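At the far end of the sequence shown sits residue 1229, using the numbering used here, and the numbering has no gaps. Backbone N, C-alpha and C define an ideal beta-carbon position, used for all residues, glycine too. Please read these numbers as outputs of a predicted model, since none were measured by experiment.
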Amino acid sequence: MRKNENTGDSFWALKIIASLLFLIFTINICIPGNKAVNKTEESTNTASQGAENMNFINTQGVKEPERESTTEEKKTEPEQHAEPFASGEFRTPEDVLQFEKEYLAEFASVSPVGTVEEVFFKTSGATDIVNGLSIKNATATKKPDFEALLEEGPVLSVKDKSQPTVLIFHTHTTESYLLSDNGVFYDGFETRSFDAEKNMIRIGDEISRVLTENGIGVIHDENIYDESYNGAYSRSRVTVEKYLEEYPTIEIVLDVHRDAIYYSDTSHCKPTAEIDGKKAAQIMIITGAEEGYITDFPYWEDNLRFALCFQKTAEESFPGLMKPLYFCQRKYNMDTAKCSLLLEIGTDANTLEEALYSAHLTGKILTEIINESMG
């Protein structure tokens, strides 16, 4: 019996010693593991700092709701903010960059048929310079007191800007742009498109987006009126009148186009300005007058006041963005409202990216005008 008890005691003693050795070995192995934990904490801290930076950016516009602070979520946050535009800034959309790649690939083996001439228009063709604003008076008989009209300001009486305040439409909806700033154009590339991501609807979308971000009610009509070029203005007029009747709070009506300037069949012009280090398509306002065969245009002078206000606000905020204001013997459905304009954003030789940037700035200009009108 004693022999068996000693054998049992030795067995348990050995087992205890083995357990102690295993425990010591485990502790030694786990000590470096603490560094891995620290790396995780460091990663979490870095992600949190990134999130704080993101929140700082967002406070310039719309702040994101509170989110659970997990390392996994924080890692994805920068990607979530890479595509949308933060309020107040413009970033070239990813699809526009992709359009350019596809365009260059399509014409990679094709010889260009013409060149694009980049031109900055400041006072070219201007008949009047009023308080630093360039105006081209193309009427035969009208000689308005531009300075007095500028001083009077636009006829705006916005009470609740969250209600539909701005109507945007496109009589020549399918007008479009080049997709790359490579200085040439190719045979076979059409500067009219039924693709809403590439034509004037896309430009109107950007103006609308900026207005909406700033709490301004906007209606963007996306109907296509120029499947047949003839009669486009008559067709768009029907829609404008319908919206004005349905939403009496609308005060600003914008027909947004792009222009075309050809020096020759092989030389096209792109009016371009550099705004904050980025190329923008220059914008031309067209505002009309009741003169000669243009009749029944009671609001032409009110339109002119609004046009001058727009030109002034743009020049103060984004010097160089505007071409000379074009005052002419035309109506173009601008008789439908007291603050109605036709905007030409660039030409068919500007790029979609440049036009979108100008549309973004247009939204900012309108926001400033509307906010000022409300006091």
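Classify Ile-1115 as helix, strand or coil using the three-state DSSP reduction. Locating residue 1115 in the sequence shown gives position 261, where the first residue counts as 1. In this structure, Ile-1115 counts as coil in the three-state DSSP scheme.
According to DSSP, is Phe-953 helix, strand or coil? For the purposes of this step, residue 953 is taken as the residue at position 99 of the sequence shown. Three-state result, Phe-953: helix.
Out of curiosity, what's the CA-to-CA distance linking Thr-1045 and Asp-1202? Looking up residue 1045 in the sequence shown gives position 191. Looking up residue 1202 in the sequence shown gives position 348. Computed Cα separation, rounded: 6 Å.
Complete runs of the alpha helix (DSSP H) confined to the region 967-1049 [at least 4 residues]: 1000-1006
Tyr-1087 - DSSP class collapsed to helix/strand/coil: To locate residue 1087, count along the sequence shown from 1; it is residue 233. It is helical.
Determine the direct distance from the alpha carbon of Asp-1113 to that of Asp-1119, and round the result to whole angstroms. Position 265 of the sequence shown, counting from 1, holds the residue named residue 1119. Position 259 of the sequence shown, counting from 1, holds the residue named residue 1113. Rounded to the nearest angstrom, the two C-alpha atoms are 16 Å apart.
Between Cys-1163 and the rest of its own chain, which residues show a CB-CB distance below 8 Å, the 5 nearest in sequence each way excluded? Along the sequence shown, read from residue 1 onward, the residue named residue 1163 stands at position 309. The answer, listed in chain order, is Leu-1004, Gly-1007, Pro-1008, Ile-1223.
Between Met-1228 and the rest of its own chain, which residues show a CB-CB distance below 8 Å, the 5 nearest in sequence each way excluded? By 1-based counting over the sequence shown, the position of residue 1228 is 374. Around Met-1228: Val-1012, Lys-1013, Lys-1015.
Would you grab the beta carbon distance between Glu-972 and His-1122 for me? Rounded to a whole angstrom, and I think it's under 8 Å. By 1-based counting over the sequence shown, the position of residue 972 is 118. By 1-based counting over the sequence shown, the position of residue 1122 is 268. Going by Cβ atoms, the distance from Glu-972 to His-1122 rounds to 10 Å, so no, they are not a contact pair.
Per the contact definition of three or more C-beta pairs closer than 8 Å, is the region 1014-1031 in contact with the region 1070-1085? yes
Is it true that the region 1045-1065 meets the region 960-980, where meeting means three or more beta-carbon pairs spaced less than 8 Å apart? no
Cβ separation of Thr-1167 and Leu-1197, assumed to be a contact under 8 Å, to the nearest whole Å: Looking up residue 1167 in the sequence shown gives position 313. Looking up residue 1197 in the sequence shown gives position 343. Wrong, their Cβ atoms sit about 13 Å apart, outside the cutoff.
Is it buried or exposed, Glu-1207, if we count other Cβ atoms within 10 angstroms and call 16 or more buried? The residue labelled residue 1207 in the question sits at position 353 within the sequence shown. Glu-1207 should be labelled buried.
How many Å lie between Ser-978 and Leu-987 at the Cα? Position 124 of the sequence shown, counted from the first residue, corresponds to residue 978. Position 133 of the sequence shown, counted from the first residue, corresponds to residue 987. Approximately 12 Å, taken between the alpha carbons.
Residues near Thr-1028 by beta carbon distance below 7 Å, same chain, minus five either side: The residue given as residue 1028 occupies position 174 in the sequence shown. Closer than 7 Å at the Cβ level, and outside the excluded window around Thr-1028, lie Arg-1046, Ser-1047, Phe-1048, Asn-1053, Ile-1078, Asp-1080.
Using a Cβ-Cβ cut-off of 6 Å (strictly less than) and excluding sequence neighbours within five positions of Leu-1210, which residues of its own chain qualify? By 1-based counting over the sequence shown, the position of residue 1210 is 356. Excluding residues within five positions, the ones whose Cβ falls inside 6 Å are Glu-1060.
Beta-carbon spacing of Tyr-953, Leu-1010 below 8 Å: Here residue 953 is taken as the residue at index 99 of the sequence shown, counted from 1. Here residue 1010 is taken as the residue at index 156 of the sequence shown, counted from 1. A quick correction: the sequence has Phe, not Tyr, at residue 953. The answer is no: Cβ separation not under 8 Å.
Measure how close the beta-carbons of Gly-1230 and Tyr-1186 come, nearest whole angstrom, since I'm counting them as under 8 Å. This structure gives no information on residue 1230, because the portion of the chain shown stretches from 855 to 1229.
Compute the Euclidean distance between the alpha carbons of Leu-1108 and Val-1020, then round it to the nearest angstrom. Counting from 1 along the sequence shown, the entry for residue 1108 is found at position 254. Counting from 1 along the sequence shown, the entry for residue 1020 is found at position 166. Distance between the alpha carbons of Leu-1108 and Val-1020: 8 Å.
8 Å Cβ cutoff met for Lys-1177 and Phe-975: Taking the sequence shown and counting its residues from 1, the one referred to as residue 1177 is at position 323. Taking the sequence shown and counting its residues from 1, the one referred to as residue 975 is at position 121. Going by C-beta atoms, Lys-1177 is nearer than 8 Å to Phe-975.
In its own chain, which residues sit with a C-beta less than 7 Å from the C-beta of Asp-1038, not counting the 5 before and 5 after it? Numbered from 1 along the sequence shown, position 184 holds the residue referred to as residue 1038. According to the sequence shown, residue 1038 is Val rather than Asp. Pro-966, Gly-968, Thr-969, Val-970, listed in sequence order.
Relative to the C-alpha of Val-1147, which candidate in Cys-1182, Asp-982, Glu-1105, Gly-1200 has its C-alpha closest? On the sequence shown, residue 1147 is found 293 positions in, with the first residue counted as 1. Just to set this straight, residue 1147 is Tyr in the shown sequence, not Val. Answer by Cα proximity: Cys-1182.
Which stretch, first to last residue, makes up the alpha helix (DSSP H) that contains Phe-1160? Position 306 of the sequence shown, counting from 1, holds the residue named residue 1160. 1154-1171 is the span of the alpha helix (DSSP H), which, as asked, contains Phe-1160.
Taking the alpha carbon of Glu-1095 as the point to measure from, which residue in Phe-944, Asn-1036, His-1214, Met-1188 has its own alpha carbon closest? For the purposes of this step, residue 1095 is taken as residue 241 along the sequence shown, with counting starting at 1. Comparing Cα positions, the closest option is Met-1188.
Which residues mark the beginning and the end of the beta strand (DSSP E) in which Ile-1129 is found? Numbered from 1 along the sequence shown, position 275 holds the residue referred to as residue 1129. Note, Ile-1129: beta strand (DSSP E), 1121-1129.
Closest by C-alpha distance to Pro-947, when choosing among Leu-1220, His-1214, Thr-1221, Ile-1219: For the purposes of this step, residue 947 is identified with residue 93 of the sequence shown, where counting begins at 1. The option with the nearest alpha carbon to Pro-947 is His-1214.
Spatial neighbours of Arg-1089 within its chain, please: C-beta separation below 7 Å, excluding the five flanking residues on both sides. Taking the first residue of the sequence shown as 1, we reach residue 1089 at position 235. Here the set comprises Tyr-1079.
Measuring alpha carbon to alpha carbon, tell me which residue in Glu-1170, Lys-990, Glu-1067, Asp-1156 is nearest Ala-1191. Against the sequence shown, residue 1191 aligns to sequence position 337. Selected option, being the one with the closest Cα: Asp-1156.
Backbone secondary structure at Met-803 - three-state DSSP: As shown, the chain starts at 855 and ends at 1229. That puts residue 803 outside it, with no answer to give.
Contacting residues, own chain, Cβ-Cβ under 6 Å from Ser-823 (five flanking each side not counted): Because the chain is modelled from 855 through 1229, residue 823 falls outside the range shown and cannot be assessed.
Outcome for Pro-1125 when other beta-carbon atoms lying within 10 angstroms are tallied against a minimum of 16: Here the question's residue 1125 lines up with position 271 in the sequence shown. Result: buried.
Cutoff 6 Å; reference Phe-961; Cβ partners in own chain excluding five residues on either side: The residue given as residue 961 occupies position 107 in the sequence shown. Closer than 6 Å at Cβ, skipping near neighbours: Tyr-1040.
What did DSSP end up calling Leu-1210 once you bin it into helix, strand or coil? Counting from 1 along the sequence shown, the entry for residue 1210 is found at position 356. Leu-1210: helix per DSSP, three-state reduction.
Under a three-way DSSP split, which group does Ile-1106 fall into? Within the sequence shown, the letter at position 252 stands for residue 1106. Strand.
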